[in-house]
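Start counting the sequence shown at 1; every next residue gets the next number (my numbering). Backbone N, C-alpha and C fix where the C-beta goes; we use that ideal spot for every residue, glycine too. From a predicted model like this one, the values you see are computed outputs, not experimental measurements. Step one of this worksheet: look at the structure below.
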Amino acid sequence: MTTTREVQATNDPSLQSWLDSANDPTTDFPIQNLPYGAFRRSGSGEPLRIGIAIGDQVLDLRLAVQRTDWPADVAAALVPLAAGDLNAFMALGLPARHAVRIALSAALTAGSRQREALAGCLVPQTQAEMALPCRIGDYTDFYISVHHATTIGKQFRPDNPLLPNYKWVPIGYHGRASSIQVSGHAFHRPVGQTRAPDAAVPAVGPSGRLDYELEMGIVIGQANEQGHSVPIERAEDHVFGLTLFNDWSSRDIQGWEYQPLGPFLSKNFASTLSPWVVTLEALAPFRRPFVRPEGDPQPLPYLDSARNREVGALDIELEVWIQTEAMQRAGHAGDLLSTSNLAEAYWSIAQLVAHHTINGCNLNPGDLLGTGTLSGPKPQQAASLMELTSNGKQPVTLSSGEGRAFLEDGDTITLKGYCQRPGQRRIGFGECRGMVIPARTTQRA
Ligand code: MN
1 MTTTREVQAT NDPSLQSWLD SANDPTTDFP IQNLPYGAFR RSGSGEPLRI
51 GIAIGDQVLD LRLAVQRTDW PADVAAALVP LAAGDLNAFM ALGLPARHAV
101 RIALSAALTA GSRQREALAG CLVPQTQAEM ALPCRIGDYT DFYISVHHAT
151 TIGKQFRPDN PLLPNYKWVP IGYHGRASSI QVSGHAFHRP VGQTRAPDAA
201 VPAVGPSGRL DYELEMGIVI GQANEQGHSV PIERAEDHVF GLTLFNDWSS
251 RDIQGWEYQP LGPFLSKNFA STLSPWVVTL EALAPFRRPF VRPEGDPQPL
301 PYLDSARNRE VGALDIELEV WIQTEAMQRA GHAGDLLSTS NLAEAYWSIA
351 QLVAHHTING CNLNPGDLLG TGTLSGPKPQ QAASLMELTS NGKQPVTLSS
401 GEGRAFLEDG DTITLKGYCQ RPGQRRIGFG ECRGMVIPAR TTQRA
C-alpha cells in the first residue's frame, strides 16, 4: 500500500541517481521526473516498448521486468508496461501508478541494489526511435487562454471579440486523433478551400496562411463510465500526465470554413505530440493557486473546489522555436519566437475533465485533451503566428534576416516546456518538433 508521503518523497530535490546524466542540473529528466514514452532501438524494427526517460537514457521496462525482482504489487502493475501497452497501465489508475513511481525512483537512486541489473536495461536517447506514447482514441481541443480567445476574436469579430459564454464554459470541440504524430515528423502543407477577402468565389489550393499553436496535451488515464460524470474533486485522478502539443492550423482554410460549426479541415491534417508523458506526480511541486481576475464571474459549483482554488494551476514555462530551411543549411539552431506559461490559462486541468464529463461523456485511457493555444497576456507571449504577426500584417524578422508572416515550406517549429523553481529539480518535457514540407499538389481550382 503506497501513501501520499511516499509519492511525495519521489519529488525530493536532494534525490540523486546512480546515473550521472540524471544529476545534471540542466537535464529535462532527473530522477524526480520519470516520464513514460514508447520507443524501439533505432533501426531495429522491433515491437514498441515502454520506457522511462532518465538523464540522457531510456530505461527499457520490458528488460527491467526480466532482469530484476520487484515487490508483488509493482510486478503486477509492470505487466502491461513490459508488454508495451501504456493504455492498459494507465487504465489501472492511481494506486498502480504510484506504486510503480515509488519503485522506479528507489531502483534508480544512488546506492540501489538494482543498479547493476538496470544499468543493462538502458538505451541512449540518441539511439531510441520514439513513437506516440499510447493509442489516442479521441482527441478534444479546448480554448483555455482568454488572451488567445480575445486576440483571435478581435481578428474574426472586431466588435465582439470575446463571446458571452467564454467566462462560464470551457469551450472545446472534438478534434481528430488519426493525424496526430510524434515529435520529429514532417507533414505536407495542407490543400483546401479558401476565399480571399476580395474574391467573389472560393478557390482550392495549398494553404497560404499555415500556423502553429503552442498547446499542452492532457493524457487521460483512468476511464469514467458513460453516464457518470467525474466530480471536480476526483478529476485529476483521471489524468495520467501532460505533454507538449502543436495543433498546426491553416488560418485561410479556417477563416472560410469555421462558421457555424467551428474548425474542421483547417486543423485535422496534422498535430504533433512530444514523446514523453510527464505525470501529475512529477509536477506536484509546481502547483499554484487557481485565481480569477477581479470582477470576473466565479466558476459554477461543478467547476469549483477548494483544492482547485488552492493548487489548481500548474507553473509550466513554454517556448516556441523556429528554424527555417536556410538556418538549417547554415547550421543555425533557430530563433526563440515566444514564451508563455500554462499558469496563465483561464481554466484548470481539473475543470476541463469535470466539464468534459458533466453530460456523462466517457473519457478513455489514452484520450487526449488539448489545452488550446496558450498565449499569455504580453505581446511576446503570443502562442501562434496569427497573434505574433497580427494576422500576417506585421511579419516577424528572424536573426537570419528572413521575415515570417506565416510558415514557409522547410520551417521547423519546436516547442519546449519545463518547470523551474528555487529549491526544486528542473522537470522538463523534452521537445515537440515538426517540419512543414511542400503541398502534394499545386492545383488551383
Ligand atoms: Mn488548437
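Here Lys-267 carries a coil assignment [DSSP, helix/strand/coil]. DSSP lists Ile-218 and Val-278 as the beta-bridge partner residues of Leu-242. Close CB contacts of Gln-114 within its chain, under the 7 Å cut and outside five residues either way in sequence, are with Thr-68 and Ala-107 (chain order). Taking non-hydrogen atoms of the ligand MN into account, the C-beta of Asp-141 is found less than 6 Å away from one of them. Ranked by Cα distance from Glu-215, the first of His-98, Leu-92 and Thr-414 is Thr-414.
The region 213-229 makes contact with the region 87-95, as at least three CB pairs between them are under 8 Å.
Per DSSP, the unbroken alpha helix (DSSP H) holding Ala-106 starts and ends at 94-108. Gly-172 has its Cβ no nearer than 6 Å to any heavy atom of the ligand MN.
In the DSSP secondary-structure assignment, Asn-341 is bridged to Glu-317. Set against 6 Å, the gap from the CB of Asp-247 to the closest heavy atom of the ligand MN is smaller. When rounded, the separation of the alpha-carbon atoms in Arg-287 and Asp-198 is 49 Å. If you keep only unbroken alpha helix (DSSP H) runs of at least 4 residues inside the region 114-182, you get 115-119 and 146-156. Where Ala-91 is concerned, the enclosing alpha helix (DSSP H) starts and stops at 86-91. The beta carbon of Glu-213 sits closer than 6 Å to at least one heavy atom of the ligand MN. At a cut-off of 6 Å, the beta-carbon of Gly-372 counts as near the ligand MN: some heavy atom of the ligand is closer than that.
Fewer than three beta-carbon pairs drawn from the region 66-80 and the region 316-332 are found closer than 8 Å, and the two stretches are therefore not classed as touching. Of the candidates Tyr-166, His-238, Gly-120 and Ile-50, Tyr-166 places its Cα closest to the Cα of Pro-297.
Taking one beta carbon from each stretch, the region 145-155 and the region 232-246 have fewer than 3 pairs nearer than 8 Å; the two do not touch.
Residue burial annotation: Asp-159 is exposed, with fewer than 16 other C-beta atoms found within 10 angstroms of its C-beta.
Looking at the backbone, the Cα of Pro-170 and that of Pro-285 are separated by about 26 Å. Spatial neighbours of Leu-369 in its own chain (CB-CB distance under 6 Å, excluding positions within 5 residues in sequence) are listed in chain order as Thr-140, Ile-218 and Leu-352. Ala-345 counts as buried, since at least 16 other C-beta atoms from the protein chains shown sit within 10 angstroms of its C-beta. In this structure, DSSP gives Gly-376 a state outside helix and strand, which the three-state scheme calls coil. Beyond the five residues adjoining it in sequence on each side, Pro-190 comes within less than 6 Å, by CB distance, of Ser-207, Ser-250 and Phe-269 in the same chain, given in chain order. Separation of the CB atoms of Ala-343 and Asn-308 is rounded to 13 Å, and the pair is thereby denied contact status at 8 Å.
The Cβ atoms of Ser-399 and Asp-335 sit closer than 7 Å to each other. Taking 7 Å as the cut-off, the beta carbon of Ala-38 is found no closer than this to the beta carbon of Ile-54. Excluding residues up to 5 positions away in sequence, Gln-155 lie with their Cβ nearer than 6 Å to the Cβ of Asn-391 in the same chain. In the three-state reduction of the DSSP assignment, Pro-285 falls in the helix class, which pools H, G and I. In the same chain as Trp-18, and ignoring 5 residues on each side of it, the C-beta atoms closer than 6 Å to its own belong to Ala-110 and Arg-115, in chain order. Comparing alpha-carbon positions, the option among Ile-152, Pro-47, His-174 and Thr-441 lying closest to Glu-129 turns out to be Pro-47. The beta-bridge partner set that DSSP reports for Pro-206 consists of Val-191. The alpha-carbon of Pro-164 is positioned some 12 Å away from that of Thr-150.
The C-alpha of Gly-312 is placed about 14 Å away from the C-alpha of Tyr-302. Between the alpha carbons of Arg-41 and Leu-63 lies a gap of roughly 13 Å.
When the alpha-carbon of Thr-412 is set against those of Pro-422, Phe-429, Gly-434 and Arg-425, the nearest one is in Gly-434.
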